[in-house]
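Asker: Following this message is one structure expressed as structure tokens.
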Amino acid sequence: MSAEDLEKYETEMELQLYKEYRDIVGQFTYVVETERRFYLANGVDVQVRNSDTEVYFEVAMSDAWVWDMYRPARFVKNVRVITFKDVNVEELDKPDLRLPESGPFGG
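Going by the numbering used here, 116 is the number at position 64 of the sequence shown; the sequence numbering is gapless.
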């Protein structure tokens, strides 16, 4: 496989992964970013741990989706990540759960 073929394959896989992400993101509550991967999850617990000389993070996620184009099964029931770098956890906005601005509930 040539370098050009590999680049084309990776581009196609990234597009396929993005489309999957776009279709499922509404099913999740949190976005979690570590230095190695990106996750969607419905449950997240981050614990700061200390060893003798280092501080690290233990991230436990449940009902998760893993952003990894080389992984055929991206949906996992539970995943645990250990990282020495920052962890970013954001709650996803759920616009479909908002009340309409006009009507009986809006202002």
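Ideal placement from N, C-alpha and C gives every residue a C-beta, glycine not left out.
Looking at C-alpha atoms only, which residue of 94, 110, 70, 82 is the closest neighbour of residue 138?
Answerer: Here the question's residue 138 lines up with position 86 in the sequence shown. The residue with the shortest Cα to Cα distance from residue 138 is 110.
Asker: Within 10 angstroms of the Cβ of residue 158, are there 16 or more other Cβ atoms? Answer buried if so, exposed if not.
Answerer: Residue mapping note: residue 158 aligns to position 106 of the sequence shown, counting from 1. Model confidence at residue 158 stands at a pLDDT of 49, short of 50, so the residue's coordinates are unreliable; what they give is reported in the following sentence. The residue is exposed, with fewer than 16 neighbouring Cβ atoms inside 10 Å.
Asker: Between the Cα of residue 114 and those of 105, 123, 102, 132, spot the shortest distance and give me the residue it belongs to.
Answerer: The count along the sequence shown starts at 1 and reaches residue 114 at position 62. The shortest Cα separation from residue 114 among 105, 123, 102, 132 belongs to 132.
Asker: In whole angstroms, give me the CA-to-CA distance for residue 145 and residue 117.
Answerer: Taking the sequence shown and counting its residues from 1, the one referred to as residue 145 is at position 93. Taking the sequence shown and counting its residues from 1, the one referred to as residue 117 is at position 65. If you take the alpha carbons of residue 145 and residue 117, they lie about 17 Å apart.
Asker: Let me know if residue 60 comes out buried or exposed under the rule of 16 or more other beta-carbons within 10 Å of its beta-carbon.
Answerer: Here residue 60 is taken as the residue at index 8 of the sequence shown, counted from 1. By the 10 Å Cβ count, residue 60 comes out exposed.
Asker: Apply the 10 Å Cβ neighbour rule to residue 125 and answer buried if 16 or more other Cβ atoms are within range, or exposed otherwise.
Answerer: Counting from 1 along the sequence shown, the entry for residue 125 is found at position 73. Exposed, because fewer than 16 other Cβ atoms sit within 10 Å of the Cβ of residue 125.
Asker: What's the gap between the Cα of residue 98 and the Cα of residue 69?
Answerer: For the purposes of this step, residue 98 is identified with residue 46 of the sequence shown, where counting begins at 1. For the purposes of this step, residue 69 is identified with residue 17 of the sequence shown, where counting begins at 1. Distance between the alpha carbons of residue 98 and residue 69: 26 Å.
Asker: May I have the straight-line CA-CA distance separating residue 58 from residue 79, to the nearest angstrom?
Answerer: Your numbering for residue 58 matches position 6 in the sequence shown. Your numbering for residue 79 matches position 27 in the sequence shown. Roughly 32 Å between the two C-alpha positions.
Asker: What are the start and end residues of the beta strand (DSSP E) that includes residue 64?
Answerer: Residue 64 sits at position 12 when you count from the first residue of the sequence shown. Where residue 64 is concerned, there is no enclosing beta strand (DSSP E), although the alpha helix (DSSP H) it sits in stretches over 55 to 76.
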